[in-house]
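Reviewing the structure listed below.
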Amino acid sequence: MPARDTDPPLVRVLLERSASAVRLPQPGRAYWVRHDGTGSWLWGPLEIAVAAAGTKYWQAGAWSDHDNAAAAARKIREGFGAGADVREEVMANGLTRVRVGWTANAPEDPVSELEALGFAGAFSAPAAGVLRISGADRGLVTSAAEIVIEPAGDWPVAVGWRRYRGRLRARAIGGEALVINELNMESYLLGVVPVEMGPSQFPELGALKAQAVAARTYAVAHLGDHANEGWDLCDTPACQVYSGAGAEHRLSNRAVEETAGLVAVYEGKPIDAMYTSTCGGHTENSAELFSGRAQPYLAGVPCAWDRPLLLTGTLGDGGWVGQTAFSAAVARETLGLAPGADPMAVLARVEAAGVTTQLLNPVDADSFAYSLLAAVGIDPPSGIAPTGSDVGRLIFLTDLYKAPLDPPTDGLGGDWPAAA
20 MPARDTDPPL
30 VRVLLERSAS
40 AVRLPQPGRA
50 YWVRHDGTGS
60 WLWGPLEIAV
70 AAAGTKYWQA
80 GAWSDHDNAA
90 AAARKIREGF
100 GAGADVREEV
110 MANGLTRVRV
120 GWTANAPEDP
130 VSELEALGFA
140 GAFSAPAAGV
150 LRISGADRGL
160 VTSAAEIVIE
170 PAGDWPVAVG
180 WRRYRGRLRA
190 RAIGGEALVI
200 NELNMESYLL
210 GVVPVEMGPS
220 QFPELGALKA
230 QAVAARTYAV
240 AHLGDHANEG
250 WDLCDTPACQ
260 VYSGAGAEHR
270 LSNRAVEETA
280 GLVAVYEGKP
290 IDAMYTSTCG
300 GHTENSAELF
310 SGRAQPYLAG
320 VPCAWDRPLL
330 LTGTLGDGGW
340 VGQTAFSAAV
350 ARETLGLAPG
360 ADPMAVLARV
370 EAAGVTTQLL
380 NPVDADSFAY
390 SLLAAVGIDP
400 PSGIAPTGSD
410 VGRLIFLTDL
420 YKAPLDPPTD
430 GLGGDWPAAA
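Okay, here's the thing in structure tokens:
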């Protein structure tokens, strides 16, 4: 694999969490498999599965002083008796964590029981199991520790039907096998940007650069979020979508490369760069949706292709009287007008099609739909749309004739009223 794909800074992405076997299907490919301080070669295809499920544990805390950790362990043993399996484990960062599981007489709510003993912040810890990786020619590796899989060669490694840059890490937690892709942050973004903002649908380098900065910032801000399970981000919309090397595109690759290392910050820290692919006319304040993620920069804003255009008439100074959610940019494009066309040009274009502007005031859904369609030379036959003068009929007609329309912001009433 190319060295740049495993150069720091690294990100670990959860690809699979499965109770069934996970396949690395490339036949004959060599993999250097490391675990417990040893290594061996396996040849593909590989199969990763849980050989034995682990025991569930709860963590009481972690201490820098080993004597304090030992005292905590004694207190737990005394509090729970012989049925408690209490473990003191020194971690890589030098802290000693104390965990407890039960071989018999487990309490219904271990966290509450630990808190009652004085261990505030106790939590359920992942249950490490035993992982088995089998390859061709009866090659086999088993380990209760994390296993690192280094693919030989400079081409991406396949997991299932997708291909990924970098290396893989695998571990057993409970009865599930976790397969994690570890790779360079910029290499990771090559597989994020094109699936979060498709360069074919949005072939604008500037927009893709903004998406690259947002995706990089989100990733940096959430490094270590799932360190207890050995990964940072998932590959789904629950984090941000990551589809690996097979999703890469020349234009989005360029956007990532030209913004390399760039993140958005607030008060010196990377922002929580939540974003969405879909907007119903206005985004929401983060505090209304995620109580623990309220930020002053995550405030709701209107989101239309362009500012709304008023279609119901003009005042003497040329200003609009009423307003609809049909965006100005889309109206100009649909009506064949030059960019920057003023409001009167829109009404004149509609009138030239033989439709009186009075039909647009008030903005009745049927009238507006027929006015717009007539303006572009379409005379929809009767009986093709649902009955009733409502926005549902308007949406049906405009969708049928591929006339893009921003959604109304005031609901689905019989008229389509002014919208901010």
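Numbering (this note's numbering), first residue to last: 20 to 439. By construction, the Cβ of each residue, glycine as well, lies at the ideal position given by its N, Cα and C atoms.
Item: Please classify histidine 301: does DSSP put it in a helix, a strand, or coil?; Value: strand
Item: Tell me the residue span of the alpha helix (DSSP H) that contains arginine 157.; Value: Unbroken run through arginine 157: none, as it is neither H nor E.
Item: Straight-line CA distance for alanine 264 to valine 130?; Value: 42 Å
Item: Taking tyrosine 76 as part of the beta strand (DSSP E), name the residues at either end of that continuous run.; Value: 76-82
Item: Using alpha carbons as the reference points, say which of Ile166, Glu195, Ala196, Arg181 lies closest to leucine 187.; Value: Ile166
Item: Please go through the same chain and pick out, in chain order, the residues whose beta-carbon is closer than 6 Å to the beta-carbon of proline 126, but skip the five residues on each side of it.; Value: Glu132
Item: Alpha carbon to alpha carbon, how far is serine 162 from alanine 38? Give it in angstroms, no decimals.; Value: 17 Å
Item: As a quick exercise: from Gly137, Gly47, Val160, Arg48, pick the residue whose alpha carbon is nearest that of glycine 56.; Value: Val160
Item: Mark proline 27 as exposed unless 16 or more other C-beta atoms lie within 10 angstroms of its C-beta, in which case mark it buried.; Value: exposed
Item: How would you call serine 310, buried or exposed, if buried means at least 16 neighbouring beta carbons within 10 angstroms?; Value: exposed
Item: State the start and end residues of the unbroken alpha helix (DSSP H) segment that holds glutamate 440.; Value: Missing from the structure shown is residue 440; the chain here goes from 20 to 439 and no further.
Item: To which residues of the same chain is histidine 54 closer than 8 Å at the C-beta, ignoring the five residues directly before and after it?; Value: Val160, Ser162, Ala164, Glu165, Ile166, Val167
Item: Pull up the distance between the alpha-carbon of glycine 113 and that of aspartate 84, whole angstroms please.; Value: 9 Å
Item: Under 9 Å, do arginine 118 and alanine 79 count as touching if we go by C-beta distance?; Value: yes
Item: Grab me the residues of proline 175's own chain with a C-beta within less than 6 Å of its C-beta, minus the 5 sequence neighbours each way, in chain order.; Value: Arg182, Tyr183, Arg184, Ala264
Item: For tyrosine 316, which option in Ser296, Cys298, Pro289 has the closest C-alpha, if you only look at C-alpha atoms?; Value: Pro289
Item: Report yes if the C-beta distance between alanine 238 and valine 211 is below 9 Å; otherwise report no.; Value: yes
Item: Name, in chain order, the residues that DSSP records as bridge partners for asparagine 200.; Value: Val32, Leu187
Item: Serine 206: which of Ala196, Val198, Arg235, Gly193 sits nearest, CA to CA?; Value: Arg235
Item: Please report the straight-line C-alpha distance between glycine 120 and aspartate 104, rounded to a whole angstrom.; Value: 5 Å
Item: Taking a contact to mean a Cβ-Cβ separation below 9 Å, would you say arginine 273 touches leucine 202 in this structure?; Value: no
Item: For glutamate 248 and alanine 318, I'd like the C-alpha separation in whole angstroms.; Value: 32 Å
Item: Using 10 angstroms around the beta-carbon of arginine 116, count the other beta-carbons present and answer buried if the total reaches 16, otherwise exposed.; Value: buried
Item: Looking at the strands, I want to know which residues DSSP matches up with isoleucine 192.; Value: Ala147, Glu195
Item: Do alanine 40 and alanine 196 count as a contact pair if the criterion is CB distance below 9 Å?; Value: yes
Item: Alpha carbons only, please: which of Asp86, Ser143, Glu169, Gly100 is nearest the one belonging to aspartate 24?; Value: Glu169
Item: To the nearest angstrom, how far is it from the Cα of lysine 421 to the Cα of arginine 312?; Value: Residue confidence is low: lysine 421 scores 46 on pLDDT, short of 50, so the model does not pin down where it sits. Its coordinate-derived value is still stated next. Approximately 38 Å between the Cα atoms of the pair.
Item: Going by beta carbon distance, what residues of the same chain come within less than 7 Å of serine 59, once the five residues before and after it are set aside?; Value: Val52, Val160
Item: Should valine 320 be labelled buried (16 or more other beta-carbon atoms within 10 Å of its own) or exposed?; Value: exposed
Item: Grab me the residues of glutamate 35's own chain with a C-beta within less than 6 Å of its C-beta, minus the 5 sequence neighbours each way, in chain order.; Value: Val41, Val198
Item: Could you tell me if aspartate 86 is buried or exposed, where buried requires 16 or more neighbouring beta carbons within 10 angstroms of its beta carbon?; Value: exposed
Item: When you compare each of Lys75, Gly217, Ala92 to tryptophan 82 by their alpha carbons, which one comes out closest?; Value: Ala92
Item: How long is the line joining the alpha carbons of valine 214 and alanine 147, rounded to whole angstroms?; Value: 33 Å
Item: For the beta strand (DSSP E) that alanine 229 lies in, which residues bound it at each end?; Value: Looking at the DSSP string, alanine 229 is not in any beta strand (DSSP E); the run it does join, the alpha helix (DSSP H), is 224-240.
Item: How far does the beta strand (DSSP E) with serine 271 in it reach, from first residue to last?; Value: Note, serine 271: premise wrong, no beta strand (DSSP E); alpha helix (DSSP H) at 269-277.
Item: Rounded C-beta distance between valine 69 and glycine 194? I'm assuming under 8 Å.; Value: 6 Å
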